[in-house]
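Trainee: First the structure, then my questions, so here it is.
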Amino acid sequence: MNRLHKPGLLRQKLIRRSVLLGAVQGVLVFGLGVQMHRIMAGQNRFFRLLAEENRLNIRLIPPVRGLVFDRLGQPVAYNGPNYKIDMVREQAKNPETVLRRLQTLVPISDEDIATALEKMQKYRGFVPITVAQNLDWQHIAAVSINSPALPGITTELGHHRIYPQAKDFAHIVGYVGPVSDHDFKNRNDDDPLLLIPQFQIGKTGVERRIDVPLRGKAGVEQIEVNSIGRVMRVLKREEPDPGANVQLTIDNRLQAYAFERLGNESGSAVVMDLRNGDLVALVSAPTFDPNKFVHGISVTDWTEINENKYKPMLNKAITGTYPPGSTYKMVTALAALRHGIVDKGTSHRCNGFVEVFGRRFHCWNRRGHGRVALHTSLKESCDVYYYKVSQELGIERMSAMARELGLGVSHELDLPAVRSGLVPTKSWKKETHDRNWVVGDTINASIGQGFVLSSPVQLAVMTARIATGTKISPRLINAIDNRPQPVKGREPINIEPDHLETVRKAMWAVVNERGGTAGGSRLHRRDVEMAGKTGTSQVRYITREERERGVFRNEDLPWERRDHALFIGYAPADSPRFAVSVVVEHGGSGSKKAAPVARDILQKALNLAPDMNYRTVPNRKTAERASEKA
Amino acid sequence: MSYFEHDVRTVPTGISKVLYLNWPLALLLLALALTGFLMLYSVAGGDIDHWAVPHIIRFTTGFAIMLVVAFIPLDFWCKISPIAYLVGLVMLLAVPYAGVSRGGAQRWLDLGFSTLQPSELMKIGVVMVLAFYYDGLDERRVSRPFWVLLPIMLILLPTILVLQQPDLGTAILIMAGGAVVMFVAGVSWWYFVAVTLGITLLLTGVFASRGTEYQLLEDYQYKRIETFLDPGSDPLGSGYHITQSKIALGSGGITGRGFMQGTQHMLDFLPEKHTDFIFTTLGEEFGFVGGITLLVLYSLIMTFCFASALTNRDRFGTLLAIGVSTTFFFYFAVNISMVMGLVPVVGVPLPLVSYGGSAMLALMVAFGLVQSAHIHRPR
Numbered sequence: 010m011n012r013l014h015k016p017g018l019l020r021q022k023l024i025r026r027s028v029l030l031g032a033v034q035g036v037l038v039f040g041l042g043v044q045m046h047r048i049m050a051g052q053n054r055f056f057r058l059l060a061e062e063n064r065l066n067i068r069l070i071p072p073v074r075g076l077v078f079d080r081l082g083q084p085v086a087y088n089g090p091n092y093k094i095d096m097v098r099e100q101a102k103n104p105e106t107v108l109r110r111l112q113t114l115v116p117i118s119d120e121d122i123a124t125a126l127e128k129m130q131k132y133r134g135f136v137p138i139t140v141a142q143n144l145d146w147q148h149i150a151a152v153s154i155n156s157p158a159l160p161g162i163t164t165e166l167g168h169h170r171i172y173p174q175a176k177d178f179a180h181i182v183g184y185v186g187p188v189s190d191h192d193f194k195n196r197n198d199d200d201p202l203l204l205i206p207q208f209q210i211g212k213t214g215v216e217r218r219i220d221v222p223l224r225g226k227a228g229v230e231q232i233e234v235n236s237i238g239r240v241m242r243v244l245k246r247e248e249p250d251p252g253a254n255v256q257l258t259i260d261n262r263l264q265a266y267a268f269e270r271l272g273n274e275s276g277s278a279v280v281m282d283l284r285n286g287d288l289v290a291l292v293s294a295p296t297f298d299p300n301k302f303v304h305g306i307s308v309t310d311w312t313e314i315n316e317n318k319y320k321p322m323l324n325k326a327i328t329g330t331y332p333p334g335s336t337y338k339m340v341t342a343l344a345a346l347r348h349g350i351v352d353k354g355t356s357h358r359c360n361g362f363v364e365v366f367g368r369r370f371h372c373w374n375r376r377g378h379g380r381v382a383l384h385t386s387l388k389e390s391c392d393v394y395y396y397k398v399s400q401e402l403g404i405e406r407m408s409a410m411a412r413e414l415g416l417g418v419s420h421e422l423d424l425p426a427v428r429s430g431l432v433p434t435k436s437w438k439k440e441t442h443d444r445n446w447v448v449g450d451t452i453n454a455s456i457g458q459g460f461v462l463s464s465p466v467q468l469a470v471m472t473a474r475i476a477t478g479t480k481i482s483p484r485l486i487n488a489i490d491n492r493p494q495p496v497k498g499r500e501p502i503n504i505e506p507d508h509l510e511t512v513r514k515a516m517w518a519v520v521n522e523r524g525g526t527a528g529g530s531r532l533h534r535r536d537v538e539m540a541g542k543t544g545t546s547q548v549r550y551i552t553r554e555e556r557e558r559g560v561f562r563n564e565d566l567p568w569e570r571r572d573h574a575l576f577i578g579y580a581p582a583d584s585p586r587f588a589v590s591v592v593v594e595h596g597g598s599g600s601k602k603a604a605p606v607a608r609d610i611l612q613k614a615l616n617l618a619p620d621m622n623y624r625t626v627p628n629r630k631t632a633e634r635a636s637e638k639a
Numbered sequence: 049m050s051y052f053e054h055d056v057r058t059v060p061t062g063i064s065k066v067l068y069l070n071w072p073l074a075l076l077l078l079a080l081a082l083t084g085f086l087m088l089y090s091v092a093g094g095d096i097d098h099w100a101v102p103h104i105i106r107f108t109t110g111f112a113i114m115l116v117v118a119f120i121p122l123d124f125w126c127k128i129s130p131i132a133y134l135v136g137l138v139m140l141l142a143v144p145y146a147g148v149s150r151g152g153a154q155r156w157l158d159l160g161f162s163t164l165q166p167s168e169l170m171k172i173g174v175v176m177v178l179a180f181y182y183d184g185l186d187e188r189r190v191s192r193p194f195w196v197l198l199p200i201m202l203i204l205l206p207t208i209l210v211l212q213q214p215d216l217g218t219a220i221l222i223m224a225g226g227a228v229v230m231f232v233a234g235v236s237w238w239y240f241v242a243v244t245l246g247i248t249l250l251l252t253g254v255f256a257s258r259g260t261e262y263q264l265l266e267d268y269q270y271k272r273i274e275t276f277l278d279p280g281s282d283p284l285g286s287g288y289h290i291t292q293s294k295i296a297l298g299s300g301g302i303t304g305r306g307f308m309q310g311t312q313h314m315l316d317f318l319p320e321k322h323t324d325f326i327f328t329t330l331g332e333e334f335g336f337v338g339g340i341t342l343l344v345l346y347s348l349i350m351t352f353c354f355a356s357a358l359t360n361r362d363r364f365g366t367l368l369a370i371g372v373s374t375t376f377f378f379y380f381a382v383n384i385s386m387v388m389g390l391v392p393v394v395g396v397p398l399p400l401v402s403y404g405g406s407a408m409l410a411l412m413v414a415f416g417l418v419q420s421a422h423i424h425r426p427r
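Line by line, the protein sequences are chains P and V.
Note that the first sequence covers residues 10 to 639 in this note's numbering.
Note that the second sequence covers residues 49 to 427 in this note's numbering.
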């Protein structure tokens, strides 16, 4: 075969086209060179920066959460060791075999194994997956000894929150839980710690309100990672700053006693130290176990709590608002005294009811009290006296007094959901109900019914202000990291001391004079006397029919419609030290249900008083040691 | 023209063929393989046995094969061209049945002692068979429709088989290599214009139909095409590789960070760092200077191949050399463009630098053919 080209057109064409092809290729290579120069020389700085970012990563080290103590230095929230077992898939050749082996040493269920295996498939091979947690030291020891047979298994020591008093402090301290998407969106908080998965933040109570100081400051670790996130080495490490320790004003002994005394009732008790406003007990019953929430509550537990008609999750002492009933009569009395509508001697006649514009307002005593002066009206809790006085007094002057005494205003406590209750005014009714104020509203309000609502804490503050004659305010946090929190309201209240004295005397009579409504609840100690006032507040409207049929015995009604039983008081009557308020929800009569509870709690407080001084608590530097000791 | 003796009238025989070898070309190939050795050593983090030594062993074997191929008279290669093509085709057909899968694509044949990628060999097979075809074809028939359709079939058959593996990069290289041989062989311009127009119209039609009731493809297929053409729209998927490789190149600067000093590849940021993306390591460690040097090396190889082809009066030899060198050009041009984000990511290695046996073998056989054409050219 002749392999030579015949000279001719085709040969020329071939040369021509080859040269063209070569030229095109040359141009393209030149283009590549230009682009190379653009990326490598032109944008060099930009890309080099990107390369650095790629390589370095910042990892946060979570700080140890601050501790919470009561006034006696008893820890009520601390961090316990949490022994965990982690597994790294790529180190265990056969994860399932290793987990089966682990099962013989540590209590883990088949279900746990299945979940762990599933999780491992989701993450890259070097990511440690928690297989079991909250283990005993014995289990950890067993795993450590057998570690050669358990490739990929490591034991880790973490922290978890423990509430040793469990139920007694549930409403005050609250609990922590992992950051949720909801928390993340709803907080104006750019703390990087929140980005740590499963990071524990306060969900309710003090844990939530002073979450930021309790949390502490994150430590930082600068690490070198590759593109799949594996840590190659640690470049720099800055230790975290543990959270601040908090001391409450609560006395754990009194708190526990108050819970015990309330028993199975649904209600609340508040005890205030009159020297500085310290809340030494703040109880809401029934309660719940906050420890159950820390690791995620089980469905059964949650249903039980959620469907309980006594609402255990609610802090009734600050969030529950009730018609104060007869405990409000001091407000009406003091307002009437201030504006000269009554004085000590003024008396009114009680026939068991008054009729205003054709509507009858009944006294609790249907036979009537006869002629009553201010002293008797409080002692025997005559309603008609206040019906008559209030018509002249008017709602505005009454409500102004209520606010001075601490009702209808929100008190600053480091707790979420502190409610301000309600002290009505004419403009308030117009705005919210679009109706004009009528005399009947004033009459109802004069005995703490109708629109008036107040929380147990507010009632305690009112009692404290009457007892001390100062603008005393409640205090829940004594110190944060040994920095004392201020005491507010030492200045005298703007009420004539004479008027206060009149009311105090009447309150003393309620308990200590014949015919007083709380006559059965005197203190057991001879040397000390208590003063107080009962209250029985209706939650329903008694119809004329019912009244005629005589069906208003509380016991015959369903629980939700029974009256609330209330009592407020202070002791010792001559030199007040503690104020108390007790509300028993739907408990019936204030004198029978609330007064004995309040009496016992006051008695206990007085007995504990000599030993109620603050003990110093460790500050944050020693936090870790304290938690280990505990 | 020998590089040692001028004006030789006879075709060299026996051992003396060694002297007539295109030595500059052979040395340039060696330079490339050594570059690959260095880069693979660095990519493995200083582990010489991981990729670097196997690479150089493969090159040595390939070099020996090249010499053997080069010393066999070109006439032989011309005659067995159709057979080589058919063998390649059969192997391609066998891949779906007897092949080995890696990374979601079935491209490899297990030969017992090693695996082989028939699609790589087919790049050469197509160039050979077309050179053979146009060598024997009467010059008056070159642009006749039937005689144009025939080579098109020869190109499309393996292309479709490769596309099914799927391996878009190799398919493009096969088509481009074949088209170039047809172009140089003198097929009328009009065919190329027509094909280009046809493809453009088809693509326009496919995209124009989108959203209408005559839509030709499924929605997800459009999306896939979009991310393929514009990887930036999918920064965590295919765009991720391009971003990382640009970061590596860009951080190299003019002179680079120095040998073994690159951080990107050390930390596994680079995908396919020892195969398709090895150029990024070179860019990061030797910078713009290194990149341009490599480009110059490639250009020199092209120049020597073209020079040899154009001075060769043997039609088969010329077409073969042009076809092989252009295929080679497509290899490195597509690879470098891809790494710099100029074209979509298709699996094309950096010739003789990337780690990979089949491509190396195919290329060394191809250069063996070029050498054979050079040695046995009519004088």
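Every residue gets a Cβ at the ideal spot worked out from N, C-alpha and C, and that includes glycine.
Against chain P, which members of the region 324-355 of chain V pass a CB distance test of less than 7 Å?
Mentor: Residues of the region 324-355 of chain V whose Cβ lies closer than 7 Å to any Cβ of chain P, in chain order: G331, G335, F336, G339, I340, L343, S347, M350 and F354.
Trainee: Please report whether the beta-carbon of P:R262 lies at a distance below 8 Å from any beta-carbon of chain V.
Mentor: Mapped onto the first sequence, residue 262 of chain P falls at position 253. Closer than 8 Å: no.
Trainee: Using DSSP bridges, identify the partner residues of P:H357.
Mentor: For this step, residue 357 of chain P is matched to residue 348 along the first sequence. In the DSSP output, where bridge partners are listed per residue, P:H357 has P:V381.
Trainee: Since P:R80 and P:Q256 should fall inside the 8 Å C-beta cutoff, what is the C-beta to C-beta distance between them, to a whole number of angstroms?
Mentor: Numbered from its first residue, the first sequence carries residue 80 of chain P at position 71. Numbered from its first residue, the first sequence carries residue 256 of chain P at position 247. Their Cβ separation, rounded to whole angstroms, is 7 Å, which keeps P:R80 and P:Q256 in contact under 8 Å.
Trainee: Can you grab the Cα-Cα spacing for the pair V:L284 / V:F327, in whole Å?
Mentor: As a working note, residue 284 of chain V is residue 236 in the second sequence. As a working note, residue 327 of chain V is residue 279 in the second sequence. With a pLDDT of 49 at V:L284, under the threshold of 50, the predicted position of this residue should be treated as unreliable, though the coordinate-derived value follows. So the alpha carbons of these two residues sit roughly 21 Å apart.
Trainee: Which partner residues of V:W125 appear in the DSSP bridge assignment?
Mentor: Here residue 125 of chain V is taken as the residue at index 77 of the second sequence, counted from 1. Bridge partners of V:W125: none, in fact.
Trainee: Quick check: P:L288 and P:R484, are their CB atoms within less than 8 Å of each other?
Mentor: As a working mapping, residue 288 of chain P is identified with position 279 in the first sequence. As a working mapping, residue 484 of chain P is identified with position 475 in the first sequence. In this structure, P:R484 lies closer than 8 Å to P:L288 by Cβ.
Trainee: Against chain V, does P:K439 count as a neighbour if the rule is that its beta carbon must be under 8 Å from one of theirs?
Mentor: Along the first sequence, read from residue 1 onward, the residue named residue 439 of chain P stands at position 430. Chain V, which has no Cβ nearer than 8 Å to the Cβ of P:K439, makes this no.
Trainee: Starting from P:R218, find everything on chain V with Cβ-Cβ shorter than 8 Å and list it in chain order.
Mentor: Your numbering for residue 218 of chain P matches position 209 in the first sequence. Here the premise fails: no neighbours, minimum Cβ distance about 40 Å.
Trainee: Taking buried to mean at least 16 other C-beta atoms within 10 Å of its own C-beta, is V:F364 buried or exposed?
Mentor: The sequence position of residue 364 of chain V within the second sequence is 316, counting from 1. The residue is buried, with at least 16 neighbouring Cβ atoms inside 10 Å.
Trainee: Taking 8 Å as the CB-CB cut-off, is V:S236 touching chain P?
Mentor: The residue labelled residue 236 of chain V in the question sits at position 188 within the second sequence. For V:S236, not one C-beta of chain P is nearer than 8 Å to its own C-beta.
Trainee: Going by beta-carbon coordinates alone, are V:L73 and V:F352 separated by less than 8 Å?
Mentor: Residue mapping note: residue 73 of chain V aligns to position 25 of the second sequence, counting from 1. Residue mapping note: residue 352 of chain V aligns to position 304 of the second sequence, counting from 1. In this structure, V:F352 lies closer than 8 Å to V:L73 by Cβ.
Trainee: What residue does the beta strand (DSSP E) around P:E413 start on, and which one ends it?
Mentor: If you number the first sequence from 1, residue 413 of chain P lands on position 404. Here P:E413 belongs to no beta strand (DSSP E); instead the alpha helix (DSSP H) covers I404 to E413.
Trainee: Taking P:F78 as the reference, give the member of P:A488, P:A409 and P:V548 with the closest Cα.
Mentor: Your numbering for residue 78 of chain P matches position 69 in the first sequence. Nearest C-alpha to P:F78: P:A488.
Trainee: Identify which residue in P:A469, P:T543 and P:H348 has its Cα closest to the Cα of P:I481.
Mentor: Within the first sequence, numbered from 1, the residue matching residue 481 of chain P stands at position 472. Selected option, being the one with the closest Cα: P:A469.
Trainee: State the DSSP-derived secondary structure class of P:Y184, mapped to helix, strand or coil.
Mentor: Indexing the first sequence from 1 puts residue 184 of chain P at position 175. Reduced to three states, the DSSP call for P:Y184 is coil.
Trainee: Count the CB pairs spanning the region 349-362 of chain P and the region 515-534 of chain P that are closer than 8 Å, and state whether there are at least three.
Mentor: no
Trainee: Spatial neighbours of V:F377 within its chain, please: C-beta separation below 7 Å, excluding the five flanking residues on both sides.
Mentor: The count along the second sequence starts at 1 and reaches residue 377 of chain V at position 329. M350, listed in sequence order.
Trainee: Any idea what DSSP makes of P:R375, helix, strand or coil?
Mentor: Sequence index remark: in the first sequence, residue 375 of chain P carries index 366 (1-based). Here P:R375 sits in coil by DSSP.
Trainee: Just the chain V side, please: which residues come within less than 9 Å of P:F56 by C-beta, in chain order?
Mentor: Position 47 of the first sequence, counted from the start, is the residue given in the question as residue 56 of chain P. Neighbours of P:F56 on chain V, chain order: K294, I295, A296, L297, G298, S299, G300 and G301.
Trainee: Between P:D536 and the rest of its own chain, which residues show a CB-CB distance below 6 Å, the 5 nearest in sequence each way excluded?
Mentor: Against the first sequence, residue 536 of chain P aligns to sequence position 527. Contacts found: none.
Trainee: Going by CA-CA distance only, name the one from V:L216, V:V210 and V:S191 that's closest to V:W238.
Mentor: On the second sequence, residue 238 of chain V is found 190 positions in, with the first residue counted as 1. Considering only alpha carbons, the answer is V:S191.
Trainee: Report yes or no: is there a C-beta of chain V within less than 8 Å of the C-beta of P:I210?
Mentor: Here residue 210 of chain P refers to the residue found at position 201 of the first sequence. P:I210 does not count as touching chain V.
Trainee: Using only CA atoms, which one of P:V592, P:P506 and P:I486 lies nearest to P:G82?
Mentor: Stepping through the first sequence from its first residue, residue 82 of chain P is reached at position 73. For the residues P:V592, P:P506 and P:I486, the minimum Cα distance to P:G82 belongs to P:I486.
Trainee: Measure the C-alpha to C-alpha separation of V:P397 and V:G217 and round it to an integer number of angstroms.
Mentor: Within the second sequence, the letter at position 349 stands for residue 397 of chain V. Within the second sequence, the letter at position 169 stands for residue 217 of chain V. Each residue's alpha carbon lies about 9 Å from the other.
Trainee: Which residues, in chain order, does the region 33-46 of chain P contribute to contact with chain V at a C-beta distance below 7 Å?
Mentor: Q34, L37, V38, L41, G42, Q44, M45 and H46
Trainee: Taking any Cβ of chain P, which residues in the region 354-382 of chain V have a Cβ under 7 Å from it, in chain order?
Mentor: F354, A357, L358, R361, D362, R363, F364, T366, I370, T374, F377 and A381
Trainee: Give a yes or no on whether the minimum CB-CB distance between P:K22 and chain V is below 8 Å.
Mentor: Mapped onto the first sequence, residue 22 of chain P falls at position 13. Cβ-Cβ to chain V under 8 Å: yes for P:K22.
Trainee: Would you decide whether P:W146 is buried or exposed? Buried here means 16 or more other CB atoms lie within 10 Å of its CB.
Mentor: On the first sequence, residue 146 of chain P is found 137 positions in, with the first residue counted as 1. So P:W146 counts as exposed.
Trainee: Rounded to the nearest angstrom, what separates P:A69 and P:L108 at their Cα positions?
Mentor: By one-based count along the first sequence, residue 69 of chain P stands at place 60. By one-based count along the first sequence, residue 108 of chain P stands at place 99. This sequence places Leu at residue 69 of chain P; Ala is not what is there. Straight across, the Cα-Cα distance linking P:L69 with P:L108 is about 30 Å.
Trainee: Spell out whether any CB of chain P is found under 8 Å from the CB atom of V:F415.
Mentor: Taking the first residue of the second sequence as position 1, residue 415 of chain V is located at position 367. So no, V:F415 is outside the interface.
Trainee: Can you find at least 3 beta carbon pairs, one from the region 167-186 of chain V and one from the region 221-229 of chain V, that sit closer than 8 Å?
Mentor: yes
Trainee: Within the same chain, show all residues whose beta-carbon is closer than 8 Å to that of P:G35, passing over the 5 residues directly before and after it, in chain order.
Mentor: Counting from one through the first sequence, the residue named residue 35 of chain P turns up at place 26. Closer than 8 Å at the Cβ level, and outside the excluded window around P:G35, lies no residue.
Trainee: Which residues share a DSSP beta bridge with P:N91?
Mentor: Stepping through the first sequence from its first residue, residue 91 of chain P is reached at position 82. DSSP, once it has assigned bridges, lists P:G167 as partnering P:N91.
Trainee: Drop a sphere of 10 angstroms on the beta-carbon of V:L277, count the other beta-carbons inside from all chains shown, and report buried for 16 or more, exposed for fewer.
Mentor: The residue you call residue 277 of chain V lines up with position 229 of the second sequence. Per the 10 Å Cβ criterion, exposed.
Trainee: For the alpha helix (DSSP H) holding P:M614, just list the boundary residues, first then last.
Mentor: For the purposes of this step, residue 614 of chain P is taken as the residue at position 605 of the first sequence. In the sequence as displayed, the identity of residue 614 of chain P is Ala instead of Met. P:A614 -> alpha helix (DSSP H) spans A604 to L617.
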